[in-house]
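Reading through the C-alpha cells given below for one structure.
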Amino acid sequence: MTRARLALLVVGAVALLAAIAYAALPVVLSGIVQRALTEQGLTDVRIELGYPGRRTMLIRTVEFAGTRATYAFNLRARDVEIEYDIAELREGRLIRVRVPDATLRLVPAPAAATTEVSRATVVPLPVSWVSAFPRQEVVVERLQVDWRSSDTLAFTGYAHGQVQRQDSRLVTRLSLADEKRQLFELHLDLSAAGELNASVLTADTPAQPVVRMTAALVSHDAQTVATRGSVDVQLRPLLSMLAPWFALPQSLAQLDGRLQARWSGKGPTVLAAQGSEAVQLPRSNGTVSVDLSAVRLGKLLSDGNLHLDATLASGDSIVHWRIADSLRVSARIDPAILALMSDKIDQEVTRRTEPAVLRAPHAISGQLVVTPLEIKLTVAPRVEIMLEKLWTPDAHVSELKATLPEAVRVTYQPTTGRFATAGVALTVSAPAIDPVFASIGTIENVAVAAKIESGPLTPLPPITIDDATVTLLGGRLRARGVRYDSKSETNHFTIDLENLDVARIVAMERQLGVEASGRLDGRLPFSVTRRGITIAGGQLRARPPGGVVRYTPNEAASAMAASNLSVKLVQDVLSNYHYAKLEADVDYSETGDLALRVAMAGQNPDWNAGQPINLNINLTENIPILLRSLRLTGDISEQIEKRVLERSKRNR
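According to our numbering, the stretch in the sequence shown is residues 68 to 719, in order.
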C-alpha cells in the first residue's frame, strides 16, 4: 500500500469519526445539560438540542420541574437561540440568549414536598450573578405564566422583556399583562457590588411608580453576609395588581395608603440543610423600621398612621423579636360603621359623625416557632390599646382601654389550615360608657377571658368564653363557660346578676316621682338561634332584708286615680311600700315578646296600720316596639301612664 493511499485512509477515518462525533454532539451535550440541571434539584428534565454552529446553537425543547418554598413549578421553552464564543464557552459564558416562547406553571406544592431533606446552600452574592450572566443580554419575547394559588383561584399572565448586561450591572425591563390589558412594568438595576434598585410601575401613560426599593447584599466577612435596604409602596395600586394572583379578602380592595420600611441585618454565608422535622432558620439578626401613613379603609377608617421600630434575631427554629416603645398607632374611625344596633329600632335617629382616635403606644414582644407542620406564635402580655372619644348613636365613650393581661399563644397548621389559641384573655375598662340606646347608665370594669377552638378561619370556629364580668348598676353581670358555635342550630349560655342596685335601676331613667332601694340577684338563661334570642325560666330575687319603693304621682296620674279606685289604691300603697320579698320570673321570645311575672310581699307603715300587702304584677310587652316608642318620645313615664290608662279603660 502506497503512502498516499494510507494517508487517504487515515484522513477518511478521521473525517468519519468527526462526522460521527458531530452527529452525536447534540445527544452528548443534552446529557451534560440534563445532568447539570438534575444536580440542582430539578426533576422531569427533558432537553433536545440542535446541531451547534460556530457561534450559535438552537435548543429545540427544554423542560424541567421543581419545588421552591410552597410552590411547585414546571418550565417549558422551545426554539431557544444561544449565541456564544467558543473561547468563553469553555468557562460557561454565553453572549446572548433569546427565548421566543416559554410557559411557566405554578401550583401549591403538596405537603410532603415541603418536608424533604435539602442540602446546605451557599448564599449567592450579586457579583456571582453578574459574572455568570451572558455577556450581552437575555431576551424573553413571550412567557406565559399560569399561576394557581388555590383550588378555586387561577391567573394567567403574559410577560416579555429583557435583561441586559452593562459593564458590571444587570438592567432588567419586564412587562406583565393579562388577556385584556397591560398590568405593570418591573425595572431592576443590579450591580456586581451588590446594590439593587427596583421599581414596579403602572401600565398607565405616564407610568406611575407603585413600589420603589433599594437593597444591598454584600459580604461582611468569610462567614457572614450583610443586607440593608428600604421600600416605598403605594398600597391601593399594589393590591389591585396582586388581586388576580392571590385570594385577597374583599375588604383589602378598599385599603389605601403608603408603606415605607427600612431594614438592615446580618446572616450566615452558608444556609444549613433542612431536615424533614424542623425548619432550621439561619442565625441572623437585624433591625426594621416601618411607617404607614394616610391609611384609608373605605368609610370605616381614615388618616391611619403607624410607626414601628423592631429588632429581630433567629436561630434554629425560633424567631425572637422586640417592638420598641416608640410604637405609635393612630386613626380616625367612622362611628356610624361601628354602631351595633337594629335599623328597625333606630329608624328616626340621626347618627353623629365625630371621629374616634385609636392609640396603641405600648411595646410588644413575642416569640415565633416555625416547623414544616406547625407555626406557634406567642405574644407577651401587658399590651394596651386605647380608644378615645368614641361617639355612636347608642354609646358615648370618652375613653376605652383594652389590656392583654396574659400571654397569647396561637398555633397554626399550614397543611390543614387549622389554628388554635390558648391563654387568650382581654380586659376592657372605661371610666364611663353611657349607652343612650338602652339607658342603663355607665358600664365599668369589663373583663373577658376567651379562647378560640381549633378550626379553619371560615366559617368562624367555636369560641369559648371562660369568664366574662361587667360592673353595672352597682353590681356585677357574670357569664362563665359560654360556648358559641356558628354551625350549631342553638347555643345556650347563662348570665348571672349579682347585687344590682335597685336605686340605680330606677334612677337611670331620670323619672321624677319614683324612688326605690334594695339589691337584686338573678339568673337569665339565654338561647341563641338563627331566628333570634330567647330567655326561658329567668329569675330575679331581692336580697334580704328587701327594700323600699316610694312613688309620688304627677298631676296626670293623680287625675287618673281620682276617677279609678284601683289606681288610687296602688298609688297609696306604693307611696311608701316596704317590701321584704321581690321575685320575678322572666321569659323572652324570638319575636321580642317579654313576659315578666313579679311577686312582691310587704307593707306600707303609713297606710292601713301597716297591713301586709302582696302585689302580683304580670307584664307582657314587645320590646322592639316598646324601645322604638321610647326612643321616639323620650318620656318613659308618659308612655307607661298612657298604657295604664288604656288598660284601665278596657277593664271598666
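For every residue, glycine included, the Cβ atom is placed at its ideal position computed from N, Cα and C.
query, result
"C-alpha gap between Leu257 and Ser331, whole angstroms", "18 Å"
"Span of the beta strand (DSSP E) around Asp323", "Leu322 to Pro335"
"C-beta contact flag for Gln327 and Ser369 at 9 Å", "no"
"Nearest-angstrom Cβ-Cβ length linking Arg389 and Ala377, presumed shorter than 8 Å", "6 Å"
"Beta strand (DSSP E) runs wholly inside the stretch 655-685, at least 3 long, in chain order", "660-670"
"Under the three-state DSSP convention, the category Arg202 falls into", "coil"
"Residue of Val205, Gly542 and Gly334 minimising C-alpha distance to Gln290", "Gly334"
"Pro592 vs Gly605 beta-carbon contact at 9 Å", "yes"
"Endpoints, alpha helix (DSSP H) assigned at Asp639", "Leu632 to Val640"
"Nearest-angstrom beta carbon gap, Val615 and Gln584 [assumed within contact, 8 Å]", "At residue 584 the sequence reads Ser, which differs from the Gln that was named. Their Cβ separation, rounded to whole angstroms, is 5 Å, which keeps Ser584 and Val615 in contact under 8 Å."
"Strand pairing of Pro592, partner residues [DSSP]", "Thr561"
"Distance CB(Phe560)-CB(Val549) smaller than 9 Å", "yes"
"Cβ-Cβ separation, Val112 to Thr105 (assumed contact under 8 Å), whole Å", "6 Å"
"Rounded straight-line distance, which links the Cα of Val238 to that of Ile162", "15 Å"
"Simplified DSSP assignment, three categories, for Thr105", "helix"
"Residue burial classification, Gln670 (beta-carbon count within 10 angstroms, cutoff 16)", "buried"
"Rounded Cβ spacing between Asp392 and His374 (contact assumed at less than 8 Å)", "That belief does not hold up - the Cβ atoms of Asp392 and His374 are roughly 11 Å apart, past 8 Å."
"Among Ala244, Arg240 and Glu204, nearest to Thr223 - alpha-carbon criterion", "Ala244"
"C-beta contact flag for Leu255 and Met308 at 9 Å", "no"
"Whole-angstrom distance between Met627 and Asp639, CA atom to CA atom", "13 Å"
"3 or more residues per run - each beta strand (DSSP E) lying fully within the stretch 138-181", "138-150, 163-166 and 168-175"
"Supposed contact pair Arg209 and His227 - C-beta distance, whole angstroms, cut 8 Å", "6 Å"
"Gly613 - DSSP class collapsed to helix/strand/coil", "coil"
"Pair within 9 Å by beta-carbon distance, Ile600 and Asp654", "no"
"Cβ pair Arg127, Leu116 closer than 9 Å", "yes"
"Contacts around Val205, its chain only, beta-carbon distance under 7 Å, and the 5 residues preceding and following it disregarded", "Val164, Gln229 and Val230"
"Counted within 10 angstroms of its Cβ, other Cβ atoms place Gly371 as buried (16 or more) or exposed", "buried"
"One or two residues paired with Asp370 in a DSSP bridge", "Looking at the DSSP assignment, Asp370 forms no beta bridge with any residue, so it has no partner."
"For Glu688, three-class secondary structure by DSSP", "strand"
"CB contact flag (Arg586, Leu567, <9 Å)", "yes"
"Three-way DSSP call (helix, strand, coil) for Gly98 in this model", "helix"
"Beta-carbon proximity of Ala144 to Val166, cut-off 9 Å", "yes"
"Thr445 to Ser297 span [Cα, whole Å]", "28 Å"
"Buried versus exposed call for Gly108 [16 or more other C-beta atoms within 10 Å across all chains shown]", "exposed"
"Cut-off 6 Å between Cβ atoms - residues of its own chain near Leu407, not counting five sequence neighbours on either side", "At Leu407, the pLDDT of 36 sits below 50, so the modelled position is not reliable and the matter cannot be decided from this model."
"Residues near Thr110 in its chain [Cβ-Cβ closer than 8 Å; skip 5 each side]", "Phe131, Ala132 and Gly133"
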